[in-house]
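Enquirer:
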RNA sequence: GCACCCGUAGCUCAACAGGACAGAGCAGCGGAUUUCUAAUCCGCCGGUUGCAGGUUCGAGUCCUGCCGGGUGCGCCA
């Protein structure tokens, strides 16, 4: 069945048409204040002007409202239609109608599992681009929001019946490449030549020198590294003797790689690295700072047999990264699989053509040796080819759009990335639309703000490092475990673990999803794991309480049980259950899952009020079955809603 | 300097293409347990929506100008 909002909208439009022979907006809204009613139409006030233009005289909006009301046919839906204030038309839903509706939804859920929500028409093929971790880096809290929000959006649109193609646009290409290969070379060579300790000491001291801003010590470390580098190079000048064979056997772990990679970055960015020369029999001297660039030849010619070492190192780094990411995804219950990975590197062969086509169309032009697109409304252009001939991430984004539209047949593409990239995407979208690669309005950026610590500064550890996602999730689970054990010590340990997992991870995800994504958000374990208030544990607890009724009461309600809504608590619960479809549409339209969170929280409070005031198992038939049916529906609504958010709902807590 | 985002109760957040008296939670205060999970429920307290104009029957929401915070601004991603 269509949502109630849609039904009412149609009825009001028809009434307006009949009364004034006009096709006008019904201006339907959910009443903010329940004293007025459940739904309202605000059309009458707006019609004053339109009618005045048509007839030449002004009509009082209350009179207009009266005329609409007289033509309005809501069947059995409303128990009261009243006009209030300047001309609001208030609708109060009929408890009898609602009861029948509840019974019908319960019935349809048995077969379709959709709680009466119709799939969207027509279904659209939608690419959702989210998560996007970088190669050789552990996922940190910055990736959390994209991953969680992107997954919730994907699940919601998927439920609506759209074909969702998840794309994990990982950062596996570009200028950081040379540093990664160099880092692996250090790692492997130090291991093979028994210099691990030396390297480790260097790295530690370099870190403390940086932290203490001690330039002298830093320069010493850079010099020592140059010496070490030279020693290792002299043992194996072409990499064939030690490096390549060891690399083939190596099972690379992400954590040590990342550490060395950061070290290499710190070293090569330092001025002192420019003056430390490394000698090589086949080359003139190169400075330490130039080393990463020597390894980047692979970027230009990845298929050249000469670049076998680099290719191998690159794929090891990639595998190590993805392995760790997949662990996180599975911990988070995020539906991203290796099959969804299509990183920047997969567009490398399309970049030249992208630039050539944009140039041929007159959209791109040469400027100071680079090729740029001058985007209307922007002071600075989008650079798609650097003066040294290499491409940038904007070029890759454009290639990806073309690929997604042409090969994946995307009707629309949603980018879940942080808000800082807003201008970048505005430029990229403008270019793609101008080139005719995507229809206007089909490229959507769902931006989100920065995650802040409780000090309102970007979320970092006490020592100022970025927080690793894994550590954060582990801590959430541990904290949840403590609470579960405190509340329910008698449960077996493995069950407590499962509950702690659901609660801890659920809390982290819910805390993020329940805030409007565009603003920055303050991360607090204490708040997200609180058992009351707008938190995942509160919703999960409400769900567990319902399940408990069925455990105690045995039988589920018989199919087709009539639903009676006599108490205000039952009525309030039923009205809310009916709104899920409207909320799903809202989330899909705005790409903002926090609306669904607000809805589920409200549902839980209404259920709790019902639970306190309306005994279920002790009540007489047919009320008992009626209330059981309502419980069943409330549980199903919570389950479906939490599923769309990607949050677990254990039966027991 | 230019551009984008944000500014709502002590704190964390809502307000669904402008709608009625701006709502929740936390914290604070006061209550409720012979009954299906008290990880709960009920009540009270708390506001010049950063400021000043404007558009509108109606503005937290749209426009203009300030103030405050964040972010981005040709060859990083």
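Residue numbers (our numbering): 948 to 1600.
For every residue, glycine included, the Cβ atom is placed at its ideal position computed from N, Cα and C.
If you're wondering where the values come from, they're calculated on a predicted model, not measured in any experiment.
Apart from the five residues on each side of it in sequence, which residues of its chain come closer than 8 angstroms, Cβ to Cβ, to residue 1365?
Expert: Taking the first chain and counting its residues from 1, the one referred to as residue 1365 is at position 418. Contacts found: 1089, 1092, 1093, 1394, 1395, 1396, 1397.
Enquirer: Quick one: what does DSSP say residue 1456 is sitting in, helix, strand or coil?
Expert: Stepping through the first chain from its first residue, residue 1456 is reached at position 509. Helix at residue 1456.
Enquirer: Determine which residues share a DSSP beta bridge with residue 1405 and list them.
Expert: In the first chain, residue 1405 corresponds to position 458, counting from 1. Residue 1405 pairs with 1399.
Enquirer: In chain order, what are the residue ranges of uninterrupted beta strand (DSSP E) at least 3 long that sit wholly in the region 1172-1259?
Expert: Runs of the beta strand (DSSP E) inside the region 1172-1259: 1224-1227, 1230-1234.
Enquirer: In whole angstroms, what is the alpha-carbon distance linking residue 1028 and residue 1019?
Expert: Walking along the first chain from the start, residue 1028 turns up at place 81. Walking along the first chain from the start, residue 1019 turns up at place 72. Cα to Cα, residue 1028 sits roughly 9 angstroms from residue 1019.
Enquirer: Classify residue 1283: buried if its beta carbon has 16 or more other beta carbons within 10 angstroms, exposed otherwise.
Expert: Numbered from 1 along the first chain, position 336 holds the residue referred to as residue 1283. In the assembly as shown, residue 1283 is a buried residue. Its beta-carbon has 16 or more other beta-carbons within 10 Å.
Enquirer: Please go through the same chain and pick out, in chain order, the residues whose beta-carbon is closer than 6 angstroms to the beta-carbon of residue 1152, but skip the five residues on each side of it.
Expert: Your numbering for residue 1152 matches position 205 in the first chain. Counting only Cβ-Cβ distances below 6 angstroms, and skipping sequence neighbours, we find 1168.
Enquirer: Counting along the chain, where does the beta strand (DSSP E) carrying residue 1037 start and finish?
Expert: Along the first chain, read from residue 1 onward, the residue named residue 1037 stands at position 90. That run of the beta strand (DSSP E) goes 1035-1040.
Enquirer: Look up residue 1114 in the DSSP assignment and give the residues it is bridged to.
Expert: Taking the first residue of the first chain as 1, we reach residue 1114 at position 167. According to DSSP, residue 1114 bridges with 1076.
Enquirer: Could you give the first and the last residue of the continuous beta strand (DSSP E) run that contains residue 1362?
Expert: Along the first chain, read from residue 1 onward, the residue named residue 1362 stands at position 415. Note, residue 1362: beta strand (DSSP E), 1359-1362.
Enquirer: Give the secondary structure of residue 1474 by DSSP, where H, G and I count as helix, E and B as strand, and everything else as coil.
Expert: Here the question's residue 1474 lines up with position 527 in the first chain. Helix.
Enquirer: Express the C-alpha separation of residue 1297 and residue 1489 in angstroms, rounding to a whole number.
Expert: Within the first chain, the letter at position 542 stands for residue 1489. Within the first chain, the letter at position 350 stands for residue 1297. The alpha-carbon atoms of residue 1489 and residue 1297 are separated by roughly 52 angstroms.
Enquirer: Please say whether residue 1332 and residue 1363 have beta carbons closer to each other than 7 angstroms?
Expert: Working through the first chain from its first residue, we reach residue 1363 at position 416. Working through the first chain from its first residue, we reach residue 1332 at position 385. Cβ distance not < 7 angstroms, so residue 1363 and residue 1332 don't count as in contact.
Enquirer: Assign residue 1404 to buried or exposed, taking buried as 16 or more other Cβ atoms, counted over all protein chains shown, within 10 Å of its Cβ.
Expert: Residue 1404 sits at position 457 when you count from the first residue of the first chain. Exposed, since its Cβ has fewer than 16 Cβ neighbours within 10 Å.
Enquirer: Quick one: grab the DSSP three-state call for residue 1468.
Expert: Translated into the one-based positions of the first chain, residue 1468 becomes position 521. Here residue 1468 sits in strand by DSSP.
Enquirer: Could you tell me which of 1382, 1387, 1341, 1368 sits nearest to residue 1358, measuring between CA atoms?
Expert: Translated into the one-based positions of the first chain, residue 1358 becomes position 411. For the residues 1382, 1387, 1341, 1368, the minimum Cα distance to residue 1358 belongs to 1387.
Enquirer: Can you have a look at residue 967 and say buried or exposed, based on whether 16 or more other CB atoms are within 10 angstroms of its CB?
Expert: Counted from its first residue, the first chain places residue 967 at position 20. Result: buried.
Enquirer: Mapping the DSSP letters down to three states, classify residue 1159 as helix, strand or coil.
Expert: Taking the first residue of the first chain as position 1, residue 1159 is located at position 212. Residue 1159 falls in the coil class under three-state DSSP.
Enquirer: Given residue 1138, which residues of its chain have a CB within under 8 angstroms of its CB, disregarding the five upstream and five downstream residues?
Expert: Locating residue 1138 in the first chain gives position 191, counting from the first residue. Once the five neighbours on either side are set aside, the close Cβ partners of residue 1138 are 1193.
Enquirer: Would you check if there are 3 or more beta carbon pairs closer than 8 angstroms linking the region 1005-1020 to the region 955-973?
Expert: yes
Enquirer: What do you get for residue 1230, buried or exposed, if any count of 16 or more other CB atoms within 10 angstroms of its CB means buried?
Expert: As a working note, residue 1230 is residue 283 in the first chain. Counting other Cβ atoms within 10 Å of its Cβ, residue 1230 stays below 16 and is therefore classed as exposed.
Enquirer: DSSP three-state label for residue 1512, please.
Expert: What you label residue 1512 is simply residue 565 of the first chain in a count that begins at 1. It is coil, neither helix nor strand.
Enquirer: Output the distance between the C-alpha atoms of residue 1056 and residue 1597, rounded to the nearest integer angstrom.
Expert: On the first chain, residue 1056 is found 109 positions in, with the first residue counted as 1. On the first chain, residue 1597 is found 650 positions in, with the first residue counted as 1. Their Cα atoms are separated by approximately 20 angstroms.
Enquirer: Please classify residue 1070 as buried or exposed, where buried requires at least 16 neighbouring CB atoms within 10 angstroms.
Expert: Here residue 1070 corresponds to residue number 123 of the first chain, with the count starting at 1. Flag for residue 1070 reads exposed.
Enquirer: Since residue 1027 is in the beta strand (DSSP E), which residue starts that stretch and which ends it?
Expert: Here residue 1027 refers to the residue found at position 80 when the first chain is read from its first residue. Run containing residue 1027: 1025-1031, per the beta strand (DSSP E) assignment.
Enquirer: Between residue 1264 and residue 1083, is the Cβ-Cβ spacing less than 7 angstroms?
Expert: Your numbering for residue 1264 matches position 317 in the first chain. Your numbering for residue 1083 matches position 136 in the first chain. Result yes, Cβ atoms of residue 1264 and residue 1083 sit closer than 7 angstroms.
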